[in-house]
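Colleague:
In our numbering, the protein residues as written are 106 to 956.
(1) Mapping the DSSP letters down to three states, classify residue 800 as helix, strand or coil.
(2) Would you mind stating whether residue 425 and residue 418 have Cβ atoms separated by less than 7 Å?
(3) Sort 484, 663 and 699 by Cα distance to residue 628 and report the nearest one.
(4) Exposed or buried, what is residue 832 when buried is set at 16 or more other beta-carbons lying within 10 Å of its beta-carbon?
(5) Comparing C-alpha positions only, which one of 678, 240, 253 and 570 sits nearest to residue 309?
(6) In the DSSP assignment, the beta strand (DSSP E) including residue 169 goes from what residue to what residue?
(7) Hey, which unbroken runs of the beta strand (DSSP E) at 3 residues or more fall wholly within the region 439–497?
(8) Could you give the C-beta distance for residue 186 and residue 256, rounded to a whole number, given that I count them as a contact under 8 Å?
(9) Can you confirm whether the region 465–479 touches the region 229–241 when touching is taken to mean that 3 or more C-beta pairs between the two stretches lie within less than 8 Å?
(10) Does the region 223–230 come into contact with the region 263–283, if we say contact requires no fewer than three beta-carbon pairs (one atom in each stretch) closer than 8 Å?
(11) Reducing DSSP to helix, strand and coil, say where residue 516 ends up.
(12) Is the separation between the beta-carbon of residue 900 and that of residue 427 shorter than 7 Å?
(13) Closest to residue 631 by C-alpha separation, out of 873, 711 and 489, would be which residue?
(14) Rounded to whole angstroms, what is the Cα-Cα separation between residue 252 and residue 190?
(15) Pull the bridge partners of residue 550 from the DSSP assignment, please.
(16) What do you reckon, are the CB atoms on residue 199 and residue 917 nearer than 7 Å?
(17) Just how far apart, CA to CA, sit residue 358 and residue 648?
(18) Among 935, 353, 297 and 238, which one has its Cα closest to the Cα of residue 366?
(19) Less than 6 Å between C-beta atoms, sequence neighbours within five positions excluded: which residues of the same chain meet that for residue 181?
(20) Quick one: give me the first and last residue of the alpha helix (DSSP H) that residue 820 is part of.
(21) Using DSSP's beta-bridge definition, name the partner residues of residue 868.
(22) Please name the residue in 306, 718, 453 and 790 whose C-alpha comes closest to that of residue 341.
(23) Below 8 Å on the Cβ atoms is my guess for residue 915 versus residue 176; work out the distance and round it to an integer in Å.
(24) Taking 6 Å as the cut-off, does the CB of residue 773 come closer than this to any heavy atom belonging to the ligand SAH?
(25) If the criterion is Cβ atoms closer than 7 Å, does the pair residue 626 and residue 676 meet it?
(26) Pick out the complete alpha helix (DSSP H) segments inside the region 715–762, 4 residues or longer, and give them in chain order.
(27) Would you say the region 801–813 touches the region 699–707, given that touching needs at least three Cβ pairs under 8 Å?
(28) For residue 783, collect the residues of the same chain with a Cβ closer than 7 Å to its Cβ; drop the 5 residues on either side in sequence, then sort them by chain order.
(29) Would you mind stating whether residue 343 and residue 788 have Cβ atoms separated by less than 7 Å?
(30) For residue 530, tell me which candidate among 349, 523 and 540 has the shortest Cα-Cα distance.
(31) Would the region 821–839 count as touching the region 679–696 if we require 3 or more Cβ pairs under 8 Å?
(32) Kindly confirm or deny that the region 840–849 and the region 758–766 touch, where touching means at least three C-beta pairs closer than 8 Å.
(33) Can you tell me whether DSSP reads residue 248 as helix, strand or coil?
(34) Are residue 331 and residue 616 touching if we call contact CB-CB under 7 Å?
(35) Hey, residue 903 and residue 936: beta-carbon distance below 7 Å or not?
(36) In terms of residue numbering, what span does the beta strand (DSSP E) encompassing residue 607 cover?
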């Protein structure tokens with residue numbers, strides 16, 4: 106498999122192939138692409154238009170939009186409202202369909218865009234009550250004068266999005282996806298922007314891992330928790346020690362979170378009513394199903410990330426450096442949209458989520474910030490003794506479930522009309538009821554309540570110091586993030602502050618090793634009143650680092666703190682290996698010479714895999730000697746690779762290491778769990794503990810893996826790896842098994858594979874800093890990477906620069922010059938520079954004049 110460089114000519118070839126294989130106006134996808142008004146070949150337009158427009162009468166000032174040579178929009182405005190109106194217009198011009206999909210997932214209205222296939226996502230949002238919650242949040246912001254500025258920003262942004270929708274409908278620049286669906290984009294609402302936070306929360310913090318662990322316990326008994334160290338995580342590496350932590354309240358001077366009493370009125374009807382788009386053909390149902398499949402896959406991926414911040418005491422410039430690379434699904438277009446905004450109140454550079462006006466990760470003139478997912482436990486489940494379908498016992502009394510129904514407008518793309526679908530919701534005293542593998546549970550979830558992430562983000566974008574940034578967390582509930590922050594005065598900090606449930610009446614579980622307390626890692630007995638939430642942990646005492654003595658701190662989704670300050674706050678952390686590698690590199694490099702942005706880049710691109718090294722080394726030790734001469738040859742190859750565990754695309758040794766470990770981990774999990782279902786639950790540290798115990802002959806491990814089982818598992822895994830490589834490369838010669846030809850990026854468009862970015866070699870592995878876990882392994886498709894660094898950012902506080910590596914481009918239009926232009930540089934480890942307050946050469950392309 107060779108790299109397929111993507112250019113305008115390549116895309117045209119792909120489209121011509123579609124045309125040749127289809128009869129226009131018979132094949133719906135081809136028809137939509139060729140539509141003379143809104144198709145790709147027609148009037149859609151490839152790049153942002155050159156146009157001068159009027160601002161709405163209630164928005165003063167003017168805004169000019171420039172684009173740098175990579176297509177990154179730079180907005181310069183004489184008023185804040187004009188700046189964010191322009192941001193909404195530009196966001197919609199580049200990513201309208203993506204914005205539409207995301208908002209609808211957060212509101213439970215995806216079926217109003219894509220039809221029946223979206224009901225699964227709508228049902229979850231309805232059960233969690235997200236639509237009603239977003240409505241309540243927006244009313245609260247509107248009705249409180251202290252939030253007047255952020256309300257005006259959201260309203261101006263909303264007007265900008267709708268301004269572009271009107272412009273697109275008039276000029277034929279409507280995204281081609283709407284032609285496939287046969288529906289117009291509904292007007293944007295302020296609630297849509299707030300709903301984006303709910304989408305991110307679902308991606309980052311809603312988890313059913315408690316239920317998966319419950320199934321393990323039912324199969325093996327509660328000893329499985331201790332045997333595999335599932336909750337204790339003694340092999341894990343924390344980001345910091347409680348010994349050097351201080352209380353968040355001690356740094357900010359604040360007592361706790363913003364916690365008003367909000368009334369949430371249930372909103373049954375959707376916010377958006379589908380409106381048909383005039384078509385001369387039937388929409389493509391296969392493409393619609395593909396959209397939904399890819400959206401749901403994207404939202405289901407277990408997110409991870411790296412970030413770190415370095416004090417000026419360790420840098421060349423004497424000012425801090427900050428790096429962040431959030432690991433999410435890789436799609437075409439990508440999740441992030443880079444932007445630079447300059448107005449009287451804002452000077453920003455970074456990446457936005459299309460649909461959100463403010464910079465999520467990036468910097469302003471004085472402060473830089475970044476996030477990784479904490480990975481603590483923000484979802485609890487309660488099982489009951491049910492009297493019947495509608496009644497349950499609670500503390501000796503019988504209670505009835507509260508029933509309601511939420512409406513979904515289900516679009517029928519063939520009839521070009523919609524029907525109203527009632528989604529039934531049942532609630533208990535602990536929360537809404539879900540069904541999981543035939544059993545009903547109530548669920549309590551941190552983000553299924555009014556939260557104020559937009560206010561937090563607004564204050565973070567305006568922060569002029571680290572203390573300002575930490576204080577903004579007063580409005581941040583969930584999902585809690587490992588925030589690193591630095592300012593131009595030289596301060597750095599790390600804070601995982603957010604809403605951590607305060608659980609009462611925690612039950613004790615008896616095991617053969619003694620009792621353990623269920624802090625939320627298993628479902629509670631709801632009928633007995635176990636594990637009920639009594640609010641959240643006090644913010645003031647939650648630990649943070651402020652100017653730590655070591656001069657840096659890094660996070661990579663492992664345990665935030667080691668010590669009593671973090672007791673009971675989580676268990677489902679990532680393996681330690683990325684954290685360990687980042688700390689090692691920062692310590693080694695800073696000991697040699699002062700650090701600069703180039704060092705941050707090198708660390709982000711590092712491809713030494715400590716996790717696979719650990720696993721492969723143990724597999725080789727466990728393997729029996731009866732594999733024959735051929736198998737011994739490959740065991741020797743694995744042992745040799747483990748001495749220098751680099752995952753370089755031009756080497757062949759990583760191929761065998763990746764494939765053998767993939768098959769072993771899946772076999773290990775299937776043996777333990779009973780199927781490959783939910784295989785992402787397993788942490789490598791669980792297998793590491795078992796393999797080490799097996800080698801030491803500890804009795805407990807033979808309860809799960811009788812003698813000879815793991816030897817056979819290792820041998821089979823290596824045999825399958827060799828067969829896969831030989832078949833994929835059509836060669837028995839290991840030196841032909843070039844890693845980058847099997848292990849590759851190939852971000853796909855939501856609509857069609859033909860509109861994806863193309864394949865390029867993916868360096869790194871499942872546990873490298875430059876993380877690249879394969880989504881699957883096969884003899885035909887190799888090991889494609891569908892998730893990884895969704896953007897890489899480096900901020901140098903001695904300058905106004907922000908270094909960015911983006912797996913895509915700013916535009917969502919497949920033939921645009923800015924669709925995939927940064928993707929190929931990303932594959933090569935290249936960075937593009939954004940400048941706070943900068944103005945690209947050349948004139949403004951879009952101008953918004955005041956009334």
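C-beta: ideal position from N, C-alpha, C; glycine also.
Since this is a predicted model, take the numbers as computed values, not measurements.
Modeller: According to the data block:
(1) Position 695 of the chain shown holds residue 800. It is helical.
(2) Within the chain shown, the letter at position 320 stands for residue 425. Within the chain shown, the letter at position 313 stands for residue 418. For residue 425 and residue 418, no; Cβs fall outside 7 Å.
(3) Here residue 628 corresponds to residue number 523 of the chain shown, with the count starting at 1. Closest option to residue 628, Cα to Cα, is 484.
(4) As a position in the chain shown, residue 832 is number 727, starting the count at 1. The residue is exposed, with fewer than 16 neighbouring Cβ atoms inside 10 Å.
(5) Residue 309 sits at position 204 when you count from the first residue of the chain shown. Residue 678 is the option with its Cα nearest to residue 309.
(6) The residue labelled residue 169 in the question sits at position 64 within the chain shown. It spans 168–172 - the beta strand (DSSP E) in which residue 169 sits, taken as one unbroken run.
(7) You should have 442–448, 451–457, 466–469, 472–478, 484–488 and 491–493.
(8) Your numbering for residue 186 matches position 81 in the chain shown. Your numbering for residue 256 matches position 151 in the chain shown. Not quite, the Cβ-Cβ distance comes to about 11 Å (not below 8 Å), so this is no contact.
(9) No, they do not touch.
(10) no
(11) In the chain shown, counting from the first residue as 1, residue 516 sits at position 411. In this structure, residue 516 counts as strand in the three-state DSSP scheme.
(12) For the purposes of this step, residue 900 is identified with residue 795 of the chain shown, where counting begins at 1. For the purposes of this step, residue 427 is identified with residue 322 of the chain shown, where counting begins at 1. Using a Cβ distance threshold of 7 Å, residue 900 and residue 427 count as a contacting pair.
(13) In the chain shown, residue 631 corresponds to position 526, counting from 1. The shortest Cα separation from residue 631 among 873, 711 and 489 belongs to 489.
(14) In the chain shown, counting from the first residue as 1, residue 252 sits at position 147. In the chain shown, counting from the first residue as 1, residue 190 sits at position 85. Distance between the alpha carbons of residue 252 and residue 190 is about 18 Å.
(15) Numbered from 1 along the chain shown, position 445 holds the residue referred to as residue 550. Note: residue 550 sits in a beta bridge opposite 484.
(16) Residue 199 sits at position 94 when you count from the first residue of the chain shown. Residue 917 sits at position 812 when you count from the first residue of the chain shown. In contact: residue 199 and residue 917 (Cβ atoms closer than 7 Å).
(17) Here residue 358 refers to the residue found at position 253 of the chain shown. Here residue 648 refers to the residue found at position 543 of the chain shown. Rounded to whole angstroms, residue 358 to residue 648 spans 14 Å at the Cα level.
(18) The count along the chain shown starts at 1 and reaches residue 366 at position 261. A check of alpha carbon separations from residue 366 across 935, 353, 297 and 238 identifies 238 as the nearest.
(19) Translated into the one-based positions of the chain shown, residue 181 becomes position 76. The answer, listed in chain order, is 169 and 447.
(20) Locating residue 820 in the chain shown gives position 715, where the first residue counts as 1. Start and end: 814–834.
(21) Along the chain shown, one-based indexing puts residue 868 at 763. Residue 868 has no beta-bridge partner at all, per DSSP.
(22) Looking up residue 341 in the chain shown gives position 236. Residue 790 is the option with its Cα nearest to residue 341.
(23) In the chain shown, residue 915 corresponds to position 810, counting from 1. In the chain shown, residue 176 corresponds to position 71, counting from 1. Yes, residue 915 and residue 176 are in contact; Cβ-Cβ is about 5 Å, under 8 Å.
(24) No copy of the ligand SAH appears in this structure; indeed no ligand is present at all.
(25) Numbered from 1 along the chain shown, position 521 holds the residue referred to as residue 626. Numbered from 1 along the chain shown, position 571 holds the residue referred to as residue 676. In this structure, residue 676 lies closer than 7 Å to residue 626 by Cβ.
(26) 715–727 and 733–748
(27) no
(28) Locating residue 783 in the chain shown gives position 678, where the first residue counts as 1. If we look at residue 783 and ignore the five residues flanking it on each side, its Cβ neighbours are 317.
(29) Walking along the chain shown from the start, residue 343 turns up at place 238. Walking along the chain shown from the start, residue 788 turns up at place 683. No. Outside cutoff.
(30) Indexing the chain shown from 1 puts residue 530 at position 425. For the residues 349, 523 and 540, the minimum Cα distance to residue 530 belongs to 540.
(31) Of all C-beta pairs linking the region 821–839 to the region 679–696, fewer than three are shorter than 8 Å, placing the two stretches out of contact.
(32) yes
(33) As a first step, residue 248 must be located in the chain shown, where it is residue number 143. Reduced to three states, the DSSP call for residue 248 is helix.
(34) One-based indexing of the chain shown puts residue 331 at position 226. One-based indexing of the chain shown puts residue 616 at position 511. Yes, the pair counts as a contact, with Cβ atoms nearer than the cut-off.
(35) Here residue 903 refers to the residue found at position 798 when the chain shown is read from its first residue. Here residue 936 refers to the residue found at position 831 when the chain shown is read from its first residue. In this structure, residue 936 does not lie closer than 7 Å to residue 903 by Cβ.
(36) Taking the chain shown and counting its residues from 1, one reaches residue 607 at position 502. Per DSSP, the unbroken beta strand (DSSP E) holding residue 607 starts and ends at 606–609.
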